[in-house]
Every structure is written in C-alpha cells, then in structure tokens.
C-alpha cells in the first residue's frame, strides 16, 4: 500500500504528521500502478470528468453575458433603465469570483464530486426564478446568488485536472478546459441575441435551466471523485470495516486535526495565498485587468457596433466570434507548446522541472494584448471598416488565453495539492474587477471617446506585460523567500 510521491514545491510546507507510524499502524497510499489513483485512470475516464466540468465552466460564464443583447428589452419589460439591468451582470460576475473562495477549499476538505453536483444542481434550479423575475430587483438578486453556485466549475476545475494529469501533459488538457470560462462570455451574447430576437429575454433562462439540468444529471451518473485524500479515506474505511485485527489504518498525509480546525484552515487558504505571495498577487492583478477589459468591451459591443456601424442584435452577436476565434487558434497552436517548452526546459535542467518553465509562452500574450487593444481603440474611434477592429479582437483573444493558461498552470505546479485554492485566489480578484469595472465604462467612453477609453486598458496591460519575463527569471527566488505553511 505504500506508494506514490506527491508533487511538492517551496510554496508548500505541509506540516501534518505522517512520519510517526507505529508497529500496529498501516499506511494506506496508492501503489505505483494503482488503478484507483486518478493519475492512472484510463484516458477515457479522465476525459469524461474533464468534459463534464468543462461544460459547467462554460455554462456559468455563458449565463453571465447571455442576456447582454437583451438589456434594452429587459429594461423596457421591467420598467427600468439599461444601466440598472447591467447590475445583474455585475452581481453575477462578482459572486462568480467570490464563490471559489469558499467552494475551492471545501473541495479540498470534502472532495470534488459532491461540490460539483450540489452546487450545479442549485445553479440550474435558480434559472427558474430568474426567468420569472417580476422586477429588476428580483432579477439582480437571484442572478447574484446563482453566480455563487455557478462558480463551482471554475473553482475546482484546475484542481480536478491537477488530480488526474501529470505536469508533463497537463497544459494541453487545461487549455481545452480553460476555453469554458473564456468562450462562455464570448458565445453568450451570440446565443442570447438570437434568443432575445426570436423568443424574448425570459427564454434565455428557460433554456439555461434545461441545459444545466442535463449536465447535472450526466454528472450524477458519470462524474468520478478525483481528490486523492477522499479516495484514500474511503479505502481506509473499507479496510476498517473488513478487518478483524487491531491494526490501525492511516492514509498517507492524514490530517488529524479536528474537522472544524481543518475547515477553518481551508477557508483561509485562498486569501492567505493571494496576499502573502507576490507572484500570485501580481498575476491576479494581470488577470483582473484582462477580465475587466473583456467585460467592459463585451457590455459595450452593442453600443459600438449598433451605434457606429448600424448593426442589428444578431449582427452584434456575431462580433463576439472575433475573440472566440483567437481562443481557438491559441488552444490549437500555442497551448500545446506550453508542455513542449516545459519538458524541454526540464530536460536542459538535468531533468528537474520548475513551475517557472510554464511562463515563456506567456510573453506572446503579453505582447498581443496591448497591441490589439490600441488597434481596436483607434480604429473604432475613427470608424474604420468593421472588419479591422474585428480582426484586432482575434489577437486579443489569442493573447488572453495564452496568459491565462500559462498562469493557471504555474499556479497548479507551484501549489500542487492546493491548486484549487491557488486558482480561486486569482479568480476572486479578476471576477470582482470584471464585474465592477464595466459599470463605470460607459461614462468613461462618453467623456473621452472610445479611442482614449479603450486605451486606458491597453496602457494597464502594457504596464503589466513584463511580469511573465520577470517571474521566469526571479520567480523561484520569490517562491522560496515567501514560502508559507498551508
């Protein structure tokens, strides 16, 4: 029963006592070829898990932006203004970020599967009162609560992928999963525009109810638990029930603290990581700028393409395919190279891998993002033919997924067992900024125009663009200097 070695890094100094085995104790761990070890599962089983959680990670961000083309219709129906209706997106996106602060550490205490199924079932159910909202207050309130539960796919997806895949193969898989949180807000307005135009805005949420319920049912039958401590704990309980001896069983790395203490420690972990790790804090700010930019542009595409170019709702929805195409290009051609570069650098480093080896390709995104934003800003300002700003959004999407993928993989490699908490630390910051910033953007655009307004985001991304290069050079030293016990 002795076996597998867990990944560790200087950021992890887990002080739990597991080195005091007594003669009448038996340590339960995965053996090298153990079929129950998620990293030894057949590829088919792994990808079923990834598919289910990726679909969850698509649907909640999809819901965040799906009703954007219908803002005017909703405002008219609920007898309010468009600016107030945008608050439904703000509340949803903010709680989409707050949710991982709680749901990620809970999954590291109770396991992944239970959290996925319970939270997404609640998310699916909450689409019903959203569809029936009698006023804008009810709409904003229910949307905000649903954002919390819908965040479960974003909160725990990275941790689940870390559970199942070795570092040398992880980036490519993670790239496809990460399409969810990015493609969701991109495709949402396209689908939403069609539904609003032909069925009305309430049907957005009826359709979400059906699709989210279907995904939850599929998860109930096919989603497997992947968190090793929970699997080993179940094995221990099985041995205890079947054993006739006085042997005491312990799982590898068993935490003997009271449940209340463990839970309290887990709940503090994401914020502890965020505010004690300079690398995480800096890259969280970088992600926040990207998400703030994304939602600011997406919530104003209707004004930009509708007012300046005379597009109807369906045509505006098609403009969101620009960044979507950039996402797909990145996932097909750039993201797989993250593993290639990582393995090559590990080989050159005498076979010793470092989390920093994930970062070189982030520099592609660091260059493309500010260039594409300046390009979009000034071609829209001077009303250049719509294809020109559309092309710029392709490069923005490409740069965005390159940055996010390398950073998320960097978090996973640095924090291993607590990858979900590390990712949650970045998610909360980016989602809060992504939810709040768009509220002030229409006033900014009205005051300074689209050229200088979008350029504000371009300058911010330009200021942060050296971060991947600096952390590639100095990241290991910073991780060792700021090592903490989690």
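Residue numbers (full-length UniProt numbering): 1 to 486.
Using N, Cα and C, we set each Cβ at its ideal position, and we do this for glycine too.
Remember, predicted model here, so these are calculated numbers, not experimental data.
Asked                                                                                                                                                              : Found
Decide if the segment 184-198 is in contact with the segment 289-302; the criterion is three or more beta carbon pairs, one per stretch, under 8 Å apart.          : yes
Taking the continuous alpha helix (DSSP H) assigned at residue 354, which residues delimit it?                                                                     : From DSSP, residue 354 is part of no alpha helix (DSSP H); its letter is neither H nor E.
Quick check on DSSP: helix, strand or coil for residue 249?                                                                                                        : strand
Any chance you could list the beta strand (DSSP E) runs of at least 3 consecutive residues sitting entirely within the segment 425-453, in chain order?            : none
Going by the beta-carbon positions, is the gap between residue 112 and residue 156 smaller than 8 Å?                                                               : yes
Over the uninterrupted beta strand (DSSP E) stretch that includes residue 28, give me the two end residues.                                                        : 25-28
Terminal residues of the continuous alpha helix (DSSP H) containing residue 199?                                                                                   : No alpha helix (DSSP H) holds residue 199; DSSP gives it neither H nor E.
Can you check whether the CB of residue 290 is closer than 8 Å to the CB of residue 403?                                                                           : yes
For residue 251 and residue 28, which I take to be in contact (beta-carbon distance under 8 Å), what is that distance rounded to the nearest angstrom?             : 5 Å
For residue 359, which option in 32, 231, 471 has the closest C-alpha, if you only look at C-alpha atoms?                                                          : 471
Please confirm whether residue 171 and residue 349 have their CB atoms less than 8 Å apart.                                                                        : no
Output yes or no for whether 8 Å exceeds the beta carbon distance between residue 127 and residue 313.                                                             : no
Assuming residue 330 and residue 398 are in contact, meaning their beta carbons sit under 8 Å apart, how far apart are those beta carbons, in whole angstroms?     : 5 Å
With a cut-off of 8 Å on the beta carbons, I'd call residue 204 and residue 301 a contact; round off their distance for me.                                        : That pair is no contact at about 17 Å.
What's the C-alpha gap between residue 145 and residue 280?                                                                                                        : 27 Å
Using only CA atoms, which one of 394, 336, 270 lies nearest to residue 318?                                                                                       : 394
With a floor of 3 residues, list each beta strand (DSSP E) that falls wholly inside the segment 273-347, ordered by position along the chain.                      : none
Measuring CB atoms only, is the segment 440-449 touching the segment 107-123, in the sense that at least three cross pairs come out at less than 8 Å?              : no
Using only the alpha-carbon positions, how far apart do residue 78 and residue 206 sit?                                                                            : 18 Å
Is residue 367 near residue 461, with beta carbons less than 8 Å apart?                                                                                            : no
Determine the burial state of residue 384: buried for a count of at least 16 other Cβ atoms within 10 Å of its Cβ, exposed for fewer.                              : exposed
Using a Cβ-Cβ cut-off of 6 Å (strictly less than) and excluding sequence neighbours within five positions of residue 267, which residues of its own chain qualify? : 105
Considering only C-alpha positions, which residue in the set 273, 271, 396, 265 is nearest to residue 324?                                                         : 396
Counting only the same chain and skipping the five closest in sequence on each side, list residues whose C-beta sits under 7 Å from that of residue 439.           : 86, 90
In chain order, what residues of the same chain lie with their CB nearer than 6 Å to the CB of residue 407, ignoring the 5 residues before and after it?           : 283
Near residue 432, what residues of its chain come up, given a Cβ to Cβ distance below 7 Å and the 5 sequence neighbours on each side ignored?                      : 94, 97
If you follow the alpha helix (DSSP H) that residue 39 is in, where does it begin and where does it stop?                                                          : Taken as a continuous stretch (DSSP letters only), residue 39 belongs to no alpha helix (DSSP H), as it is neither H nor E.
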